[in-house]
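Take 7 as the starting number for the sequence shown in the working numbering and just add one per residue.
Cβ atoms here follow ideal geometry from the backbone N, Cα and C, with glycine treated the same way.
Keep in mind that this is a model prediction, so the values were computed, not measured.
Below you'll find the structure, written out as structure tokens, and then a few comments.
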Amino acid sequence: MSEIPKAYEPQSVEDKWYDAWQKQGCFTADPARVSDKRPAYSIVIPPPNVTGMLHMGHVLNNTIQDILSRKARMDGKEVLWLPGTDHAGIATQVQVEKALKKEERLTKYDLGREKFLERVWQWKEKHGGIIINQLKKLGCSCDWTRERFTMDPEYSRCVQKVFVELYKKGLIYRGKRMVNWCPATQTALSDEEVEMKPQKGFMYHFRVEVELGSAPAPGAVA
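This is the structure:
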């Protein structure tokens, strides 16, 4: 009889059982098995960005999803937990640019568009793989046969199709609005990607003369 280790040694247990689960197809969903007695149950993973590695927020979020998925299997449901990663366009571009500057003292303009895109895809392959392996280390019971990336051609086409349909129905629209313009990336950023900072400034008041002798129209600008 082997001696029981004094401390838990995860490397001798976790990889062994996770590999066994995958080989036995424990996480693989099969639509053919869905019935009134075995209802479908699905979760689409909020895809982590390929900007780096997972953080504690990802660990908490995916642990909850794993609990729900495993509980549904125990209840006799046909479970699909769909995994994937998000390209996170601007955020990933910024990370690649930082790495270029730090490691090679180059900018995206030094490389040119095509070469820079190659670097971005290399970054995705490296960090996307790290993230997926981290999810597996957490024991996430995802159906890895269906893993997706938000830039996969078929998914990009579906997203474009839905946006066009929503636009035609008047549910989304384009309009002139204030934007967070970034002079470094030369594009507009979402509010989530901007750190708001209170700043003291001046308020300038002005008036505009209009035709036909009407009263001046007041106005103000910061």
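- Distance between Thr151 and Phe208, taken at the CA atoms: about 58 Å.
- Nearest C-alpha to Ala38 among Ile70, Ile137 and Glu84: Glu84.
- Where Tyr115 is concerned, the enclosing alpha helix (DSSP H) starts and stops at Lys114 to Leu117.
- For Leu66, the number of other beta carbons within 10 angstroms of its own is below 16, and it is reported as exposed.
- With respect to the 9 Å criterion, Arg154 and Leu88 are classified as neighbours on the basis of their beta carbons.
- No Cβ-Cβ contact shorter than 9 Å links Thr91 with Ile49.
- Of the candidates Lys77, Gln128, Ser75 and Asp116, Gln128 places its Cα closest to the Cα of Gln101.
- Thr191 is the residue among Thr191, Asn68, Arg213 and Lys206 whose C-alpha sits nearest the C-alpha of Lys104.
- Measuring C-alpha to C-alpha distances from Gly82 to each of Val19, Cys32, Lys107 and Lys22 identifies Cys32 as the nearest.
- Only residues of its own chain outside the window of five on either side were considered, and among them Tyr24 have a CB closer than 7 Å to the CB of Lys142, listed in chain order.
- Beyond the five residues adjoining it in sequence on each side, Thr34 comes within less than 7 Å, by CB distance, of Asp149 and Thr151 in the same chain, given in chain order.
- Excluding its 5 nearest sequence neighbours in each direction, Val40 has C-beta neighbours in its own chain below 6 Å: Ala46 and Glu84, listed in chain order.
- Partner residues in the beta bridge of Gly90, as assigned by DSSP, are Arg154.
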